[in-house]
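Notes follow the structure.
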Ligand SMILES: O=P(O)(O)OC[C@H]1O[C@H](O[C@H]2O[C@H](CO)[C@@H](O)[C@H](O)[C@H]2O)[C@H](O)[C@@H](O)[C@@H]1O
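In full-length UniProt numbering, the protein residues as written are 1 to 411.
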């Protein structure tokens, strides 16, 4: 699908220019700017609202829908934000793309009928039409003020389909998490076996109905849950193996020592996100962070995993070319197929891992919105919001603004 097929709100003379073309298998390009130079999405909302019948929201969770807090388990969605998302999802397609595990994000958000991508897009669940999801193109776009229903999809009733990228790597991730816990002196939490974690796994390649997907040397593409084949979009891109994990040559000789020693640094915590592992250091002495990173690098090297960074966190994930940008592209295609129309993607996120998705939407005629208070932050976003409070205000505009308000704002 080409970026050319959706022109508004870009075009000659438009203040915001599209900066390239999209091909998910090649490098995605977009210019970066300092957040301080970007217009507030709140100020630009009226422009976007003119195209609201086409908008699809792709949203990050931590730091975007919730404030960043010290304890990862404390990042709970406020009730009014949940209510807002619930109403929004009745009017627009909504997807949450997060580093959290899919199970956890579904618990934290707790709304049926929206798209969830956990583990940075490695584990996706889409609602099946007729089970709480809405065809927004077919339904009237009226103000919905009475929907407060909150519930979770239930897989056993065919209410969703799941896509797991590189699920074969889950046992390796579990081993890596165990090694990290042992090095950092963290008590081993209950670790589910792969069989318990993925009870319904069926490689798509083996399914009669879905003749797609080749098995990857590292990982593969799996679908579970409902197999309503009309609602399943083959993954358009086969994730390729990424470059082998690399470590600073200066620590190559130290790796064995690092892996066999114990470093019970106060404050390190390990979060198992199923298809990624988060090593949190927000509560650590900053002097320990370089050593923590070396240990994470060593574990990545030993287990063939890829290390990424976030806010006071190092993360390990399967070493395949898949990220929030590729997941956003896939989700958008799925949404457009179901809505039977082209969509204007609006991606809102705060962290470095969100930049892949910012680049994708910017190159696709949509809008990336960075959430940051830091004017010097380099980003591929084209608009900016300062914090999750502004995010909620921005989203509210898409529920509350009526036609005549836009007309009077334009006058
Ligand atoms: O993609 P996201 O939804 O932004 O998730 C990224 C990571 O977010 C969480 O960690 C971050 O937020 C925590 C709570 O505010 C904070 O304590 C931590 O320092 C941040 O890194 C989450 O815990 C991770 O699993 C996600 O990968």
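Beta carbons: idealized from backbone N, C-alpha and C, even for Gly.
message: Is it buried or exposed, residue 102, if we count other Cβ atoms within 10 angstroms and call 16 or more buried?
response: buried
task: Find out if the Cβ-Cβ distance for the pair residue 61, residue 96 is shorter than 7 angstroms.
output: yes
- prompt: For residue 324, which residues from the same chain have a beta carbon less than 7 angstroms from its beta carbon, with the 5 sequence-adjacent residues on both sides left out?
  reply: 97, 120, 121, 353, 354, 356 and 357
- prompt: Expressed to the nearest angstrom, what Euclidean distance is found between the alpha-carbon atoms of residue 388 and residue 163?
  reply: Their Cα atoms are separated by approximately 29 angstroms.
- prompt: If you run the structure through DSSP and keep just helix, strand and coil, what is residue 120?
  reply: helix
task: Pull up the distance between the alpha-carbon of residue 116 and that of residue 88, whole angstroms please.
output: 15 angstroms
message: Could you check if residue 31 belongs to the surroundings of ligand 1, using beta carbon to heavy atom distance under 6 angstroms?
response: Within the chosen limit of 6 angstroms, ligand 1 does not reach the beta carbon of residue 31 with any heavy atom.
- prompt: What's the call for residue 363, buried or exposed, on a 16-neighbour Cβ count within 10 Å?
  reply: buried
query: For residue 372, is the beta carbon positioned less than 6 angstroms from some heavy atom of ligand 1?
result: no
- prompt: What separation, rounded to the nearest whole angstrom, lies between the Cα atoms of residue 55 and residue 297?
  reply: Going from the Cα of residue 55 to the Cα of residue 297 covers about 40 angstroms.
- request: Let me know if residue 398 comes out buried or exposed under the rule of 16 or more other beta-carbons within 10 Å of its beta-carbon.
  value: buried
- prompt: Is the closest heavy atom of ligand 1 to the C-beta of residue 284 under 6 angstroms?
  reply: no
query: residue 72 and residue 166: beta carbons closer than 7 angstroms?
result: no
task: With DSSP as the reference, please indicate the residues paired to residue 280 in a beta bridge.
output: 269 and 313
task: Report yes if the C-beta of residue 271 is less than 6 angstroms from at least one heavy atom of ligand 1; otherwise report no.
output: yes
- request: Check whether the Cβ atoms of residue 65 and residue 81 lie closer than 7 angstroms to each other.
  value: yes
task: Figure out for me which residue from 245, 177 and 310 has the closest Cα to the Cα of residue 301.
output: 245
field: Cutoff 7 angstroms; reference residue 393; Cβ partners in own chain excluding five residues on either side
entry: 42
- request: Tell me, to the nearest whole angstrom, how far the beta carbon of residue 273 is from that of residue 118; I am working on the premise that it is less than 8 angstroms.
  value: 7 angstroms
Residue 197, DSSP secondary structure in three states: Note that residue 197 scores 32 on pLDDT, short of 50, meaning its location in the model is unreliable; the coordinates nonetheless yield the value given after this. Helix.
- prompt: Taking 6 angstroms as the line, does the beta carbon of residue 379 fall inside it for any heavy atom of ligand 1?
  reply: no
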